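Read through the structure below, which is laid out as structure tokens, and then see the notes.
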Amino acid sequence: MALSDIAEQLEKSDPSLARYNRQMLWEPIGIAGQKKLKASRVLMVGCGALGTVLANTLARAGVGHLTIIDRDFIEINNLQRQVLFDQQDIADQLPKAVAAKKKIAQINSDVQVEAVVADVNHTNILNYAGGCDLLLDGTDNFETRFLINDVSIKLNIPWVYGACISAMGLAMVIRPGITPCLRCVFETVPPPGMNPTCDTAGVLGPTVNIVASWQAMEALKLLTGNINAVSRYLFSFDCWDNRYQQLNVAKARDIADCPACKHHNYEYLSGKFASSTTTLCGRNAVQISQPAGSKINFEQIAVGLKAVGSPSFNKFMLKCTINEGQGERQRQHELTLFADGRAIIKGTNDASVARAIYSKYVGA
Amino acid sequence: MAVKVRIPTPLRQLTNGVDMIETPAGDIAQVLQHVCQKFDGMDKRLFKQPGELNRFVNIYLNDEDIRFLENLATVVKDGDDVSIVPAIAGG
Ligand SMILES: [Zn+2]
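Protein chains in written order, with the working numbering: chain W, 373 to 736; chain C, 2 to 92.
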């Protein structure tokens, strides 16, 4: 019997599978793969640009359970690339995780979505990751990625790294004990301000879609048990100049003497490198402290901040009033950044808002 | 023929948008030296201190990480491609 006939018969016996017909016709997935997808649990860490493309694709593909964690609200400048959101979500002032859940319910109501509006950090990530088959990276900062990396190794759950900026992206599948981990490849995070972020250097919608779709493809292979098809390379996408490279990182595990996957010393999960936040009572401000050793390059940070304010700095500190959002959702925060990476963010009492501003404009 | 060094987007603010430069053959250290001399500020982005690369930047010679070759002493021939790949944060 042809595969298409089998698919047709199965759809008759289980009509809920009909929507996946074109996917099941692809033999490596088939009916068995589709059932595996339905039985799988995925943790989506961050639901911005990469996260919405990932959540959208996996929900349509029929993943059984999706936990979506995000700490942010939707802004008008998100809609250029964050495919699950629309203007009504902004008018309704929905957090990203909630808006994503609402949209997915309309796309595929068979998918169970748990929306969590929270700042993912070393104190809570294990609660969400336990029992998952796969962790997906939709974050916008290194600290959280290295945290996911620690959790992946500790719980022996694969994860798919993805990152993008302007027209460039990187992505890689990490399978604990089999491939190198992210810390084997990039041993440390850049100090704050050393790397541009999407909020300072911009990002194109297609870059996001290309990187996240690559992640989603690897996710489908992992979840349907097609392990041999999973990439073992670090993928580099230069979408503007049309250069796509598969970088060979296979030996990184032997070379890097990695604290995470070789020594099982989970420095990010232990909180050793966590930035700590303190709400400064009565001042409508939050202080963020970086772990010792951070060195700040005010000049570079100031360049990026020019998109949202008028930064000024001297040897000791940088100051900038940051304007975000429009209309009713317009927000103003005052960032004061010190040479050791410590920052005071005025205009909020909410640690997760302050962290979001820090990772957007200072980077870390 | 020369060595082609690819500058990734996140570092192009230092190169006025230039995405590739050609350098004479030599070893990786000499090739990167050439890049750093040509562009102000590149040195800080690539090197922690003289002779030691930042650990959040990888250098690939024709798709192979130089850490698996001879690191900065890896020989680069005419026609080779050197890629600078920094960890990136966005998403
Ligand atoms: Zn590792």
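In this text, a Cβ means the ideal position worked out from N, Cα and C, and glycines have one as well.
Quick caveat: nothing in here was measured; it's all calculated off a predicted structure.
(message) Among the candidates Leu-707(W), Arg-413(W), Asn-449(W), whose CA atom is the shortest distance from the CA of Ala-421(W)?
(response) Taking the first residue of the first sequence as 1, we reach residue 421(W) at position 49. Nearest of Leu-707(W), Arg-413(W), Asn-449(W) to Ala-421(W), Cα basis: Asn-449(W).
(request) Would you check if the distance between the CB atom of Asp-458(W) and the CB atom of Leu-466(W) is smaller than 8 Å? (result) Locating residue 458(W) in the first sequence gives position 86, counting from the first residue. Locating residue 466(W) in the first sequence gives position 94, counting from the first residue. For Asp-458(W) and Leu-466(W), no; Cβs fall outside 8 Å.
(message) My assumption, with CB atoms under 8 Å, is that Ala-472(W) sits in contact with Ile-440(W). Please give the rounded CB distance.
(response) Within the first sequence, numbered from 1, the residue matching residue 472(W) stands at position 100. Within the first sequence, numbered from 1, the residue matching residue 440(W) stands at position 68. Right, the Cβ-Cβ distance comes to about 5 Å (below 8 Å), so this counts as a contact.
(message) Beta-carbon distances below 7 Å to any heavy atom of ligand 1 define the shell here; list its residues in chain order, please.
(response) Pro-552(W), Cys-553(W), Arg-555(W), Cys-556(W), Arg-625(W), Ala-628(W), Cys-630(W), Ala-632(W), Cys-633(W), Lys-634(W)
(request) Check each residue of the region 639 to 670 of chain W: if its Cβ is closer than 8 Å to any Cβ of chain C, include it; give the result in chain order. (result) Asn-669
(message) Starting from Arg-625(W), trace the beta strand (DSSP E) in both directions and tell me its first and last residue.
(response) Taking the first sequence and counting its residues from 1, one reaches residue 625(W) at position 253. Run containing Arg-625(W): none in the beta strand (DSSP E); it sits in the alpha helix (DSSP H), 624 to 628.
(message) Below 8 Å, how does it come out for the region 79 to 88 of chain C and the region 7 to 23 of chain C: are there three or more Cβ pairs, yes or no?
(response) yes
(request) Using a Cβ cut-off of 8 Å, pull out every chain W residue sitting near Ile-67(C), in sequence order please. (result) Walking along the second sequence from the start, residue 67(C) turns up at place 66. Simply none; closest approach about 10 Å.
(message) Please identify the residue among Lys-623(W), Lys-634(W), Ala-591(W) whose C-alpha is closest to the C-alpha of Arg-413(W).
(response) Taking the first sequence and counting its residues from 1, one reaches residue 413(W) at position 41. Ranking Lys-623(W), Lys-634(W), Ala-591(W) by Cα distance to Arg-413(W) puts Ala-591(W) first.
(message) Contact criterion: CB-CB distance below 8 Å. Does Val-561(W) meet it with respect to chain C?
(response) By one-based count along the first sequence, residue 561(W) stands at place 189. So yes, Val-561(W) belongs to the interface.
(message) Between Glu-486(W), Gln-395(W), His-636(W), which has its C-alpha nearest Cys-504(W)'s C-alpha?
(response) In the first sequence, the residue the question calls residue 504(W) occupies position 132. Ranking the options by Cα distance to Cys-504(W), first place goes to Glu-486(W).
(request) Could you give the DSSP three-state label for Trp-531(W): helix, strand or coil? (result) Mapped onto the first sequence, residue 531(W) falls at position 159. In the structure shown, Trp-531(W) sits in a strand (DSSP, three-state: E or B).
(request) For Pro-564(W), go through chain C and note every residue whose CB falls closer than 8 Å to its CB, in chain order. (result) Your numbering for residue 564(W) matches position 192 in the first sequence. Neighbours of Pro-564(W) on chain C: none; closest Cβ ~10 Å, over 8 Å.
(message) Just to confirm before moving on: does the CB-CB distance between Lys-78(C) and Ala-3(C) stay below 8 Å?
(response) Mapped onto the second sequence, residue 78(C) falls at position 77. Mapped onto the second sequence, residue 3(C) falls at position 2. Not in contact: Lys-78(C) and Ala-3(C) (Cβ atoms no closer than 8 Å).
(request) Report the residue from Leu-595(W), Asn-513(W), Val-489(W) whose alpha carbon sits nearest the alpha carbon of Ile-529(W). (result) Translated into the one-based positions of the first sequence, residue 529(W) becomes position 157. That would be Leu-595(W), whose Cα lies nearest to the Cα of Ile-529(W).
(message) Quick check on Asn-513(W) - is its C-beta less than 8 Å from some C-beta in chain C?
(response) Position 141 of the first sequence holds residue 513(W). Yes, Asn-513(W) counts as interfacial toward chain C.
(message) Can you tell me where the beta strand (DSSP E) holding Ser-84(C) begins and where it ends?
(response) Stepping through the second sequence from its first residue, residue 84(C) is reached at position 83. That run of the beta strand (DSSP E) goes 82 to 87.
(request) For Pro-11(C), return the contacting residues in chain W, with the cut-off set at a CB-CB distance below 9 Å. (result) Locating residue 11(C) in the second sequence gives position 10, where the first residue counts as 1. Within 9 Å Cβ-Cβ: Ile-537, Ser-538, Met-540, Asn-567, Pro-568, Ala-573.
(request) For Leu-76(C), collect the residues of the same chain with a Cβ closer than 7 Å to its Cβ; drop the 5 residues on either side in sequence, then sort them by chain order. (result) Numbered from its first residue, the second sequence carries residue 76(C) at position 75. Leu is not the amino acid found at residue 76(C); the sequence shown has Val there. If we look at Val-76(C) and ignore the five residues flanking it on each side, its Cβ neighbours are Asp-28.
(message) Quick check on the burial criterion: 16 or more other C-beta atoms within 10 angstroms. Buried or exposed for Val-425(W)?
(response) Walking along the first sequence from the start, residue 425(W) turns up at place 53. The residue in question, Val-425(W), is buried, as its Cβ has 16 or more Cβ neighbours within 10 Å.
(message) Any beta carbon of chain W sitting closer than 8 Å to that of Gly-92(C)?
(response) Along the second sequence, one-based indexing puts residue 92(C) at 91. With 8 Å as the cut-off, Gly-92(C) counts as an interface residue toward chain W.
(message) Cβ closer than 8 Å: which chain W residues qualify as neighbours of Ile-89(C)?
(response) Here residue 89(C) refers to the residue found at position 88 when the second sequence is read from its first residue. Within chain W, the residues near Ile-89(C) are Ala-535, Cys-536, Ile-537, Met-540, Gly-541, Leu-542, Asn-567.
(message) Please identify, using Cβ separations under 9 Å, the residues of the region 35 to 66 of chain C that lie next to chain W, in order along the chain.
(response) Gly-42, Lys-45, Arg-46, Asn-55, Arg-56, Phe-57, Val-58, Asn-59, Tyr-61, Asp-64, Glu-65, Asp-66
(request) Give the secondary structure of Met-43(C) by DSSP, where H, G and I count as helix, E and B as strand, and everything else as coil. (result) Working through the second sequence from its first residue, we reach residue 43(C) at position 42. Helix, per DSSP.
(message) Output needed for Lys-410(W): all residues of its chain with C-beta closer than 7 Å, excluding positions within five of it in sequence on either side, in chain order.
(response) For this step, residue 410(W) is matched to residue 38 along the first sequence. Counting only Cβ-Cβ distances below 7 Å, and skipping sequence neighbours, we find Gly-434, Gly-436.
(request) Apply the 10 Å Cβ neighbour rule to Arg-68(C) and answer buried if 16 or more other Cβ atoms are within range, or exposed otherwise. (result) Taking the second sequence and counting its residues from 1, the one referred to as residue 68(C) is at position 67. The residue in question, Arg-68(C), is buried, as its Cβ has 16 or more Cβ neighbours within 10 Å.
(message) For Ala-715(W) and Gly-402(W), I'd like the C-alpha separation in whole angstroms.
(response) Numbered from its first residue, the first sequence carries residue 715(W) at position 343. Numbered from its first residue, the first sequence carries residue 402(W) at position 30. In a straight line, the C-alpha of Ala-715(W) is about 52 Å away from that of Gly-402(W).
(message) Counting only Cβ pairs nearer than 7 Å, list the residues of chain W close to Asp-20(C).
(response) Indexing the second sequence from 1 puts residue 20(C) at position 19. Under the 7 Å cutoff, chain W gives Asp-613.
(request) Just confirm the distance between the C-beta atoms of Gly-91(C) and Ala-535(W), as a whole number of angstroms; I'd bet it's less than 8 Å. (result) To locate residue 91(C), count along the second sequence from 1; it is residue 90. To locate residue 535(W), count along the first sequence from 1; it is residue 163. Sure, about 6 Å apart at Cβ, within 8 Å.
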